[in-house]
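For the sequence shown, the working numbering gives the first residue as 4, with consecutive numbering after it.
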Amino acid sequence: MLGSILESGAADVYLEAARPDFQKVPIGILGFQDGSLPSRPGKEAADVLAADLRRSQVFTVADASKLGIALTGPGGPEKQKLKQAVESGVKVLVWGTIGPRDPDYLLDRFVYDGGSDGIGAGKRYIGSATLLRQITHRLADELVARYTGEPGIARTRIAYVSERKGARELFVMDYDGHAPRQLTSDGFLNLTPQWSPDRNFLVFTSYQSRTRQNIEIVNLSTGKRSPLVSLAGLNITPALSPDGTKLAFATSQDGNSEIYTMEMQTKALQRLTVHSAGDLSPSWAPTGQEMAFTSDRGGGPQVYLMSADGSNVRRLTFDGDYNAAPAWSPRGNWIAYVCRSEQRQYKICLISPDGQKRVQVTSGSSIDDSPSWSPDGRHIAFSSTSGGKTQLYMVNSDGKEMELLTSSGSHNS
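See the structure below:
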């Protein structure tokens with residue numbers, strides 16, 4: 004657990020970072036003094052914070068070495084120097100200290116906001132050396148919240164599938180690719196992990212045999228697995244509703260693949276699709292009132308929409324002969340999916356729920372698959388063969404700043 008002193012004083016005016024004309028906030032990270040600590044945690048904290056703030060799409064990180072502000076003495080930087088930095092275009096400055104508190108670290112941080120011409124109340128974080136990255140991620144998230152009114156994503160985790168010795172096992176890692184942790188080790192094929200709304204559980208498909216797939220849930224804190232759906236035939240592509248009360252999934256108990264929902268409390272089932280074609284991969288709208296899903300009822304896989312009760316089914320994608328694996332943005336404005344380009348390459352595309360706007364996000368000769376949104380709706384994690392083997396990447400929703408998250412083995416998001 005991380006201890007902290009609660010801060011009161013968030014910004015009174017929030018920046019709308021989702022707007023196309025949004026101007027990023029220039030921020031300077033002056034560093035973290037760490038005294039004589041042998042592991043030099045100050046540099047690591049500054050590097051992690053800079054990377055987090057760049058990824059946030061809220062800040063541009065200035066080169067602090069050009070600001071001429073020294074962190075010496077207990078009083079911190081001179082206020083006149085801070086003002087001069089603001090006059091040069093850097094609107095916000097962050098610095099701090101890291102010291103020992105056996106067996107933990109103390110991290111104190113301070114923020115100077117040129118708009119208010121004041122140093123905000125300091126904040127203290129306490130945690131073990133192994134939690135330094137998490138402490139810094141928390142600091143980044145709080146800075147994002149301070150200027151946008153929305154939570155940051157630096158403490159987000161990514162669930163993914165990694166192929167090890169012929170089996171595919173579930174893992175989770177930090178959003179920047181650090182701290183991978185294995186969740187399953189049963190030697191089966193474990194696929195399509197999806198988060199619960201509170202981020203404490205994962206639902207996934209477990210292939211017990213070639214003809215039988217069950218849907219299970221795993222508790223991230225305890226590692227305990229429990230069966231959820233064990234109907235005859237295939238049970239695949241689970242997705243929990245935004246309020247966590249229903250599970251949507253595809254099952255072949257009726258012969259072909261159809262989409263059902265199950266009440267998490269009562270286990271009551273409701274069939275949503277009735278068609279001779281295959282329907283699968285449901286993805287909830289953030290309102291919980293609609294779903295996107297994949298169906299080949301038109302001859303090839305395409306993305307369709309329907310109401311949460313199975314009514315009002317309509318086709319969404321019409322460009323190309325292959326569009327599948329939809330993922331509805333938490334902001335509700337886009338649906339990510341796998342499209343096949345004119346060059347017959349599998350790419351990540353976006354389409355608006357009304358079908359009026361369509362954007363291809365990724366390009367090149369790689370095979371891109373399994374898109375998944377970050378909680379802020381500004382980033383997409385996906386798998387790609389861009390470097391040869393299948394690895395996990397993250398990209399901004401506008402296709403910029405693609406970043407490799409994994410570097411060994413074979414992984415699928």
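We treat Cβ as the ideally placed atom computed from N, Cα and C, and that holds for glycine.
Query: Cβ neighbours of D111 in the same chain (closer than 6 Å, five flanking residues each side left out); Result: G99, T100, G125, R127
Query: Alpha-carbon spacing of E153 relative to V164, whole angstroms; Result: 29 Å
Query: C-beta atoms of D144 and R158 nearer than 8 Å; Result: yes
Query: Neighbour-count burial assignment, K403, 16 or more Cβ in a 10 Å radius; Result: exposed
Query: Option nearest Q211 by Cα separation, candidates S366, I239, S224; Result: I239
Query: For H140, the first and last residue of its enclosing beta strand (DSSP E); Result: Premise fails: H140 lies in the alpha helix (DSSP H), 135-151, not in any beta strand (DSSP E).
Query: Close Cβ partners of S279 (< 7 Å) along its chain, the five nearest in sequence each way excluded; Result: N259
Query: Helix, strand or coil at S11 according to DSSP, with G and I counted as helix; Result: Caution applies to S11, whose pLDDT of 27 falls short of 50 and renders its modelled position unreliable; the value that the coordinates give is listed next. Of the three classes helix, strand and coil, the one that applies to S11 here is coil, per DSSP.
Query: Beta bridge counterpart(s) of T159 as assigned by DSSP; Result: T159 pairs with nothing; no bridge assigned.
Query: Three or more C-beta pairs below 8 Å linking the region 166-175 and the region 360-373; Result: no
Query: Assigned secondary structure, V51 (DSSP; H/G/I helix, E/B strand, else coil); Result: helix
Query: Helix, strand or coil at E90 according to DSSP, with G and I counted as helix; Result: helix
Query: Test item: CB-CB of P230 and T195 under 8 Å; Result: no
Query: Cα-Cα separation between H382 and V398, rounded to whole angstroms; Result: 6 Å
Query: Length of the line joining the Cα atoms of R343 and S286; Result: 20 Å
Query: P329 in three-state terms, based on DSSP; Result: strand
Query: First and last residue of the uninterrupted beta strand (DSSP E) at G130; Result: 126-130
Query: Of the listed residues L33, E172, R202, D357, nearest to P378 (C-alpha basis); Result: R202
Query: Helix, strand or coil at S369 [DSSP, three-state]; Result: coil
Query: DSSP beta-bridge partners of E81; Result: Paired residue(s): none; E81 is not in a bridge.
Query: Buried or exposed by the 16-neighbour rule on C-beta atoms within 10 Å, applied to T208; Result: buried
Query: When H181, A330, D322 are compared against L395, the one with the closest alpha-carbon; Result: H181
Query: Local Cβ density within 10 Å of T254, reported as buried at 16 or more and exposed below that; Result: buried
Query: Nearest-angstrom Cα separation, counted from V114 out to K69; Result: 18 Å
Query: Among D37, L52, Q36, the one whose alpha carbon lies nearest that of I30; Result: L52
Query: Separation of G102 from D401, as counted between CA atoms; Result: 40 Å
Query: Contacts around T248, its chain only, beta-carbon distance under 6 Å, and the 5 residues preceding and following it disregarded; Result: M267
Query: L319 versus A311, K360, I351, residue with shortest Cα-Cα distance; Result: K360
Query: Identity of the residues DSSP links to F113 by a beta bridge; Result: W98
Query: Continuous beta strand (DSSP E) assignments of at least 3 residues falling wholly in the region 175-204; Result: 192-198
Query: Secondary structure of S344, DSSP reduced to three states; Result: coil
Query: N-terminal and C-terminal residue of the beta strand (DSSP E) that S286 is part of; Result: 282-287
Query: C-alpha distance - T187 paired with R228, whole-angstrom precision; Result: 9 Å
Query: Proximity to D55 [Cα-Cα], best of H140, G380, I338, T388; Result: H140
Query: DSSP-derived helix/strand/coil call for S42; Result: coil
Query: Same chain only: Cβ atoms within 6 Å of L223, ignoring 5 sequence neighbours per side; Result: N203
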